[in-house]
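Down below is the structure, laid out as C-alpha cells.
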Amino acid sequence: MNARIWRMVVLGNGLAAGAWLAYWWRSHPGLAVAGVAVLACGAGMQLGVQMLLMRHACRARALAVPPAWTLVRAWWAEWRLSVYLFGWRIPFRAPAQPDRLHPGKVALVLVHGYFCNRAVWASWMRQLKALGIGCAAVTLEPAQGDSMDAMVNDLDRCAREVVRHTGRAPLIVAHSMGGLVVRAWLKALPASERAQLAAHVVTVATPHRGAWLARFAHRLPARDMREHSPWLQRLGPPGAEVAFSCWCSRSDNIVFPPDLAQLAGSEVQVVDDAAHMQLLYDARVLAYCLALRARLQNAQAGCSGP
C-alpha cells in the first residue's frame, strides 16, 4: 500500500510541476521556475519544521539539544536521503533485493517503519549478502488505517520462514514503528516460543514510549504512537525472554525527545548527529549489528556442541 501511495505522490508532483511550467513559462518564466522550486523544496521545508519542533520539545523538557550546525547537517542529509527513498526506492524498488538465507547461520530479519516498505533495507541487504550473511526484509500490511497489531502476521510469517530455512533464531533489526510491531508480535507469542524466533532485537529510532510529533496524527497506526496512547499502555514492557538494544539520536526529527526511543533494561546507544531515516543508514548501527550477529552465531554454535 505504501508503495502505491508514494507512486501517486511522485507522479502527482511530476504532473503538477509540468502543468505549472507549461502554464507560466511563456509569460513569466521566472514564476514558472520559482513554482517548481517551491514544489521541489517542499520536503526540505517540512523536515526543517520538524527540526524546529524537536528543538522546542526538547528545550521545554530541559533536555540537551545538539549544536545548530549539527542539526543543519542532519537536516541536509535527511532531505537528500528522503528524496531518494520516498521518490524512488519505496515507490518503485521494493522487490529489488530478494531475501537470501543460509542453513545453520544466524540471519537478520529487517523490519521497516511507518509509511515505508522493505525497500529501505536495500543497502543493508547488499552489504549483508556480500558478507555471506543471510537476511530477509518484510513489508508490513495493512500499512494504513489499522492498528499495528494487524501487521504482526506478516512479521510472524517472515520470522518462521527464516527459522525454517536456517535452523537458527534470527537477529531482528527494526526501524521506527517497526520496533513496536516487533514488540506486539513477541507479546502475542507464547513465552516458550519467543527466544526460538528472535535471538535479539535491535531497534533504531523506535518510539517505545511514543513520540511528541504523533500528537498531530489522526489515523492508525500513527495515532497509536502518541505518548501514553492506550495502545502503548496495553503493550506494556517486553518480556525477559528476548534482549533488546535501542539506538536513538538527539537530532531525530520524528522520534523525539530521544528518551522516548529507549526501553528500560535495554542496551542504549545514543548519537547526536543523525536524523530519523539517516540513523538507519549510519555505519555505526550496521557495525553494531554485525558484531552482535557474530556473537549470536558463535554463541549458538557453542551451544550446539560437537
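Just remember that my numbering sits 166 ahead of the position in the sequence shown, which is counted from 1.
Built from N, CA and C at the ideal position, the CB exists for glycine as well.
Just the Cα atoms here: how many angstroms apart are residue i and residue j?
| i | j | result |
| --- | --- | --- |
| P472 | L458 | Low local confidence applies: a pLDDT of 37 at P472 is under 50, so the model's placement there is unreliable, and no value is given. |
| N179 | V421 | 27 Å |
| W245 | G210 | 5 Å |
| H442 | V434 | 16 Å |
| F410 | W254 | 32 Å |
| V347 | Q399 | 14 Å |
| P356 | G311 | 27 Å |
| L452 | A377 | 24 Å |
| S417 | M174 | 30 Å |
| W473 | G300 | The structure shown has nothing for residue 473, since the chain only spans 167 to 472. |
| L456 | L306 | 24 Å |
| T369 | D322 | 17 Å |
| A303 | V277 | 6 Å |
| L187 | C414 | 42 Å |
| A198 | N319 | 48 Å |
| S470 | E327 | With a pLDDT of only 49 at S470, under 50, the local geometry of the prediction cannot be trusted, and no value is derived from it. |
| P232 | R225 | 11 Å |
| L177 | S358 | 48 Å |
| Y454 | L247 | 22 Å |
| P261 | L213 | 27 Å |
| N464 | R385 | 44 Å |
| S193 | G298 | 59 Å |
| Y189 | A183 | 10 Å |
| R450 | A460 | 15 Å |
With distances taken from CA atoms, which of the options is nearest residue i?
| i | options | result |
| --- | --- | --- |
| L267 | A354, A296, Y280 | A296 |
| L292 | W191, F281, L274 | Reading off the sequence shown, one finds Arg at residue 292, where the question assumed Leu. Nearest of W191, F281, L274 to R292, Cα basis: L274. |
| R239 | L181, A350, Q444, V175 | Q444 |
| G344 | D315, V451, Q362 | D315 |
| R397 | P423, R227, S313 | Checking the displayed sequence, the identity of residue 397 turns out to be Trp instead of Arg. Among P423, R227, S313, the Cα nearest to that of W397 belongs to S313. |
| I256 | W287, R416, A406, R400 | W287 |
| D438 | D448, A430, I299, L429 | D448 |
| N283 | V368, Y454, A262, A169 | A169 |
| A354 | P404, P269, A182 | P404 |
| G431 | E407, L321, A262 | E407 |
| L229 | F258, T332, R221 | R221 |
| M167 | L205, A335, F281, A460 | F281 |
| H394 | L426, A183, W290 | L426 |
| V329 | G201, A361, C412 | A361 |
| L205 | L181, S193, P195 | L181 |
| T332 | R259, K271, P264 | K271 |
| S289 | A309, C412, L237, L251 | L251 |
| P308 | R450, N419, A388 | A388 |
| M317 | L352, L294, A285, G298 | L352 |
| Q263 | M391, L294, G196 | L294 |
| T236 | N419, R450, V202 | N419 |
Just list the residues that DSSP pairs residue i with in beta bridges.
| i | result |
| --- | --- |
| C414 | V436 |
| I338 | V275, V367 |
| R266 | C301 |
| A377 | R392 |
Under 8 Å between C-beta atoms, does residue i make it to chain C?
| i | result |
| --- | --- |
| V434 | Among the chains in the structure shown there is no chain C, since it carries only a single protein chain. |
Could you check where the alpha helix (DSSP H) with residue i kicks off and where it finishes?
| i | result |
| --- | --- |
| Q399 | 396-401 |
| H222 | 208-226 |
| H331 | 318-332 |
| M443 | 442-446 |
| Y492 | With the chain covering only 167 through 472, there is no way to say anything about residue 492. |
| A188 | 168-190 |
| A406 | Careful: A406 lies outside any alpha helix (DSSP H) and carries neither H nor E. |
| E293 | It should be pointed out that residue 293 corresponds to Gln in this sequence rather than to Glu. First-last of the alpha helix (DSSP H) with Q293: 288-296. |
| L352 | 343-354 |
For a quick check, are the C-beta atoms of residue i and residue j less than 8 Å apart?
| i | j | result |
| --- | --- | --- |
| A325 | A371 | no |
| H341 | G279 | yes |
| A350 | L429 | no |
| L219 | L337 | no |
| P423 | A223 | yes |
| L379 | Q216 | yes |
| A285 | R259 | yes |
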